[in-house]
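Read the structure below first, then the notes.
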Amino acid sequence: MTKPTLPPTDSIQELARFWDTQDLTDFDEQFEEVEERVFERNRRLSIELPANAAESIRSMAKRRGVKDTELVRQWVLEKAAVV
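Heads up, the final residue of the sequence shown is numbered 96 in the working numbering, and it's a clean run with no missing numbers.
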C-alpha cells in the first residue's frame, strides 16, 4: 500500500480540510522538526496623537503609498530594533 503524501499548499484552510480526513501517524516519516516560530502572535497597541500630528503622518504615508498605520508600525519597529 502506498503511503499518502502531504499536500503542497500553504493554505491553512486546505491543510485543515486535509488533516480532518487523515491519521497523523501515516506521515511520521515526512515530518521534520523546526526551531523557528511559524505562527507568531502580534499584539495591538493604540495611541492618541494630536490632530495635526495624525494628519502629518497621514500625508507622509500617502506620499509613500502606504497606510498611515503601516508607516507608524514601521517606525516603531525600527525604533524598537525588532525588524
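No residue lacks a Cβ here, since even glycine has one placed at the ideal position from N, Cα and C.
Contact check, V85 vs I70, beta carbons under 8 Å: For the purposes of this step, residue 85 is identified with residue 72 of the sequence shown, where counting begins at 1. For the purposes of this step, residue 70 is identified with residue 57 of the sequence shown, where counting begins at 1. Yes, they are a contact pair.
Whole-angstrom distance between T15 and K92, CA atom to CA atom: Position 79 of the sequence shown, counted from the first residue, corresponds to residue 92. Position 2 of the sequence shown, counted from the first residue, corresponds to residue 15. C-alpha separation (whole angstroms): 53 Å.
DSSP state of E91 mapped onto helix, strand, coil: Walking along the sequence shown from the start, residue 91 turns up at place 78. If DSSP states are grouped into helix, strand and coil, E91 belongs with the helices.
Backbone secondary structure at L28 - three-state DSSP: The residue you call residue 28 lines up with position 15 of the sequence shown. It is helical.
Alpha-carbon to alpha-carbon, K80 and Q87: As a first step, residue 87 must be located in the sequence shown, where it is residue number 74. As a first step, residue 80 must be located in the sequence shown, where it is residue number 67. The straight-line gap from Cα to Cα measures roughly 11 Å.
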